[in-house]
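Student: Each residue of the sequence shown is one higher than the one before, starting from 836 at the first, in our numbering.
Just so you know, even glycine gets a beta-carbon here, dropped at the ideal spot from N, CA and C.
One structure, pasted below without further comment.
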Amino acid sequence: MTQKIRKAVFPAAGMGTRFLPATKAMPKEMLCLVDKPLIQYGVEEAVAAGCTEIIIVTGRGKSTMEDHFDSSPELEASLAAKHKTALLELARSVSKLAKITYTRQPHPLGLGHAVLMAKELVGNEPFAVLLPDDIVDATIPCMKQMVEAFNEAQAANGEMSSILGSEIVEGAAIQNYGCLDCTPDPKNPRLLTVKDLVEKPKPKDAPSQNAIIGRYILTPRIFDMLEHITPGAGGELQLTDGIKALLQHEKVYGFVYEGKRHDAGDKQGFLRATVELALKHKDLGPAFRTWLKSYPL
Ligand code: G1P
């Protein structure tokens, strides 16, 4: 029986220290990129990939995220009374995106631990994981590309396999990522057969320049693995180590997606994403482009 990807997990319990002071009292996932919060980009991508259930792993001080995806009766009544139909539709559409549930990570023990918190809500089925800091600008949404790769691999192998979004990074930058020891599939060079993984290697120890990006499709066996991992890089329970353990039981693939990723969890990356996405925005873009061209750099 083929398994569909219906659920997407968003680890969103981190403290956002790279973005202080903005994130002192506000979740970094709610930072506004052009005209919507970071996490909404990821949720829209998961929905475009066919996910109908969104599971957000939160922590203390993250309640504005819940308000954002909830209906807002006062706002809607006020917009309706003023006949602001377009704005009313915009406000309503956010709360209708998907069924969203929340679970908490009580202590910031690492990404592997955050994903483990979703075990009961995910159950025994494969699922997507999207890290909200990674914004992927792509003609075909990145997770949709990955779901297609997951389905194809499942049809070819007769069993499901985890798929990790991947891209080549330059030089020493690999030390900021999970890194794949992998070989390209002879029939599909975008698909990488993973032999090993290492989280944040020193550049001289990195087996390749193939970084893992914040997009994953994981089989439910990952939860058994995550229950047994011990602290790894940075003293944290790493998702990469859970996936490495998965390799003992199942095939794991990397997938070189088509598109451009922005690390919006970093101040420089956020600024660049703001400019690029603003230029592409259908309403704001043209006037912003004119202004930017005239800006005395
Ligand atoms: C996490 C993962 C890492 C991955 C990265 C992608 O690291 O642990 O394997 O390459 O996300 O953004 P973080 O950026 O949370 O340190």
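1) Residues bridged to Asn1045 by DSSP?
2) Do the stretch 898–906 and the stretch 872–883 make contact, defined as three or more Cβ pairs closer than 8 Å?
3) What number of angstroms, rounded off, separates the C-alpha of Gln1044 from the C-alpha of Gly958?
4) State the Cα-Cα distance for the pair Val869 and Thr1028, rounded to the nearest angstrom.
5) Are the CB atoms of Ala847 and Ile891 nearer to each other than 7 Å?
6) Would you list the residues sitting across from Cys886 in a DSSP beta bridge?
7) Does the Cβ-Cβ distance between Thr858 and Gly849 come in under 7 Å?
8) Any heavy atom of ligand 1 inside 6 Å of the beta-carbon of Ile1048?
9) I want to check one thing, is the minimum distance from the CB of Thr858 to the heavy atoms of ligand 1 below 6 Å?
10) Please go through the stretch 1052–1092 and give each complete beta strand (DSSP E) segment of 3 or more residues, from N-terminal end onward.
11) Based on the DSSP secondary-structure assignment, which residues constitute the bridge partners of His1097?
12) Given a cut-off of 7 Å on the beta-carbon distance, is the pair Arg895 and Gly1100 in contact?
13) Return the residue from the list Leu1112, Val882, Thr974 and Leu910 that minimises the CA-CA distance to Val964.
14) With burial defined as no fewer than 16 other Cβ atoms inside 10 Å of the residue's Cβ, what is the status of Leu1081: buried or exposed?
15) Are there any heavy atoms of ligand 1 lying less than 6 Å away from the beta-carbon of Thr852, as far as the coordinates show?
16) Using only the heavy atoms of ligand 1, determine whether one of them is closer than 6 Å to the beta carbon of Thr820.
17) What is the DSSP secondary structure of Ala848, counted as helix, strand or coil?
18) When the Cα atoms are used, what is the spatial distance from Lys1039 to Cys1014?
Tutor: The short version:
1) Under the DSSP definition of a beta bridge, Asn1045 partners with Ile1003.
2) yes
3) 34 Å
4) Approximately 37 Å between the Cα atoms of the pair.
5) yes
6) Cys886 pairs with nothing; no bridge assigned.
7) no
8) yes
9) no
10) Given a length threshold of 3 residues, each whole run of the beta strand (DSSP E) inside the stretch 1052–1092 is given here in chain order: 1087–1091.
11) Ile970
12) no
13) Comparing Cα positions, the closest option is Val882.
14) Burial of Leu1081 is indicated by the presence of at least 16 other C-beta atoms within 10 angstroms of its C-beta.
15) No, ligand 1 has no heavy atom inside 6 Å of this Cβ.
16) Lying before the first or after the last residue shown, residue 820 is absent from the chain, which here runs from 836 to 1132.
17) coil
18) 12 Å
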